[in-house]
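Chemist: Sharing a structure, written as structure tokens. Questions coming.
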Amino acid sequence: NWIISLLSSHIHEQYEKTISQGQVQAILKRILGIVLTSTERSQLHELRKKVQRYEKFINNFGVWGKKYDFPLKIIMFGLNREHPSDMFYLLNKRHVDDHNTIGVDFYTYDIEAYDKSMVQVQLWHMSNDERFAFLRKQYVHGATGVVLFFDKSNRESYEDVEKFISELKEQTDLKVSLRKLKKQQIKMPIALVGIEKPTSESKLIPMEEIYSLTKKIGAKYSEISSKDDYTLSEILRELSYEFIIRSKEI
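Dropping the structure here:
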């Protein structure tokens, strides 16, 4: 108890003086799984009423009280379902939650942005199976960003991406409507990702062609392979930052 009291006093003095030391102590005990007294429960009850004011403070101690500043929906297309391990590698093994339904898989995880805002990224991994093509127009609704994958040694995968871009442009005009400013739109952040297979020596897609497509759709281009440190997590972080910056410019 004396350690908790000492830590509570330090936090109260150094970081957050607008709440009482008793409230800080109650939060620490809750996080550590220690049973609270009736007084401490009352203190937490009062603190919950003011959770908006203390959001930053609470987020430093875990998920309790967490509120997302930017819930983002990012569409992923072109990652081959024949290699499911690629998803876990590209996510840097940070696979948090997944669900699947017809023609799409869901993955979610959190990002702390450059300005300390909390971002929940909802990944919609769409199948490139033509059987589910008719569902894509529904799935892309509300998208705030797109990551497009293609195999640099596979012309067909590149053409699939081009076709998907046409579908996406038809449905969204490659723009995002801001929720808080419904009449305002920003350009949709797009990442084009070329996958290099270590065992493949052929490169059928000329770089001039790739750069031309990148410029046409306003995308950022990256390349990844099984030996790269540049993971999907980093690509998604940059895409999220780009959305936040563009939305704040409105």
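Residue numbers (the working numbering): 11 to 260.
The beta carbon of each residue, even a glycine, is placed where N, CA and C say it ideally should be.
Out of K258, K197, I234, I215, which has the shortest C-alpha to C-alpha gap to I206?
Modeler: According to the sequence displayed, residue 206 carries Glu and not Ile. Of the listed residues, the one whose Cα sits closest to E206 is I234.
Chemist: Verify whether the separation of the beta carbon atoms of L202 and L158 is less than 7 Å.
Modeler: The answer is yes: Cβ separation under 7 Å.
Chemist: In chain order, what residues of the same chain have a beta carbon less than 6 Å from the beta carbon of D161, not counting five sequence neighbours either side?
Modeler: Contacts found: S167, I205.
Chemist: Is it right to say S176 is buried, meaning 16 or more other beta carbons lie within 10 angstroms of its own, or is it exposed?
Modeler: Flag for S176 reads exposed.
Chemist: Among residues of its own chain, excluding the 5 on either side of E56, which ones have a beta-carbon nearer than 8 Å to its beta-carbon?
Modeler: Result list for E56: Q33, in chain order.
Chemist: Starting from T118 and walking both ways along the beta strand (DSSP E), at which residues does that stretch end?
Modeler: Residues 114 to 122.
Chemist: Is it buried or exposed, H151, if we count other Cβ atoms within 10 angstroms and call 16 or more buried?
Modeler: Counting Cβ neighbours within 10 Å, H151 comes out exposed, since fewer than 16 surround it.
Chemist: Distance, Cα to Cα, I254 vs R51?
Modeler: If I take the Cα positions, the gap works out to 37 Å.
Chemist: When burial is assigned at 16 or more other CB atoms within 10 Å of the CB, is P199 buried or exposed?
Modeler: With 16 or more Cβ atoms within 10 Å of its Cβ, P199 is classed as buried.
Chemist: According to DSSP, simplified to helix, strand and coil, what is D262?
Modeler: This structure cannot settle anything about residue 262, because the visible part of the chain is limited to 11 through 260.
Chemist: Where does Q181 fall in DSSP's three states?
Modeler: In this structure, Q181 counts as helix in the three-state DSSP scheme.
Chemist: Does DSSP put K83 in a helix, in a strand, or in coil?
Modeler: Strand at K83.
Chemist: Assign D170 to one of two classes, buried (16 or more other C-beta atoms within 10 Å of its C-beta) or exposed (fewer than that).
Modeler: Buried, since its Cβ has 16 or more Cβ neighbours within 10 Å.
Chemist: Find out if the Cβ-Cβ distance for the pair I227, V156 is shorter than 7 Å.
Modeler: Cβ atoms of I227 and V156: not closer than 7 Å.
Chemist: Between P216 and R40, what straight-line distance do the alpha-carbon atoms span, to the nearest angstrom?
Modeler: Taking the straight line joining both Cα atoms gives about 57 Å.
Chemist: Please state whether the Cβ-Cβ distance between V186 and T224 is less than 7 Å.
Modeler: Contact: no.
Chemist: When we look at the beta-carbon of I196 and count the other beta-carbons within 10 Å, is it buried (16 or more) or exposed?
Modeler: I196 should be labelled buried.
Chemist: Please report the straight-line C-alpha distance between W74 and L38, rounded to a whole angstrom.
Modeler: Note that W74 has pLDDT 43, beneath the 50 cutoff, so the model's placement of it is unreliable and the number below is only indicative. Distance between the alpha carbons of W74 and L38 is about 11 Å.
Chemist: Closest to M128 by C-alpha separation, out of L82, Y149, Q194, would be which residue?
Modeler: The option with the nearest alpha carbon to M128 is L82.
Chemist: Given this structure, state the Cα-to-Cα distance separating A178 from F80, to the nearest angstrom.
Modeler: Sequence check: residue 178 is Leu here, not Ala. The alpha-carbon atoms of L178 and F80 are separated by roughly 22 Å.
Chemist: Classify I234 as helix, strand or coil using the three-state DSSP reduction.
Modeler: It is a strand residue.
Chemist: Taking K147 as the reference, give the member of D125, K173, Y124 with the closest Cα.
Modeler: The shortest C-alpha separation from K147 is found at K173.
Chemist: Can you list, in chain order, the residues of its chain with a C-beta nearer than 6 Å to that of S137? Leave out the 5 residues immediately preceding and following it.
Modeler: Contacts found: G113.
Chemist: I believe S243 touches A123 by the beta-carbon criterion, under 8 Å. Please report the beta-carbon distance rounded to the nearest angstrom.
Modeler: Contact doesn't hold; Cβ gap of about 14 Å is too wide.
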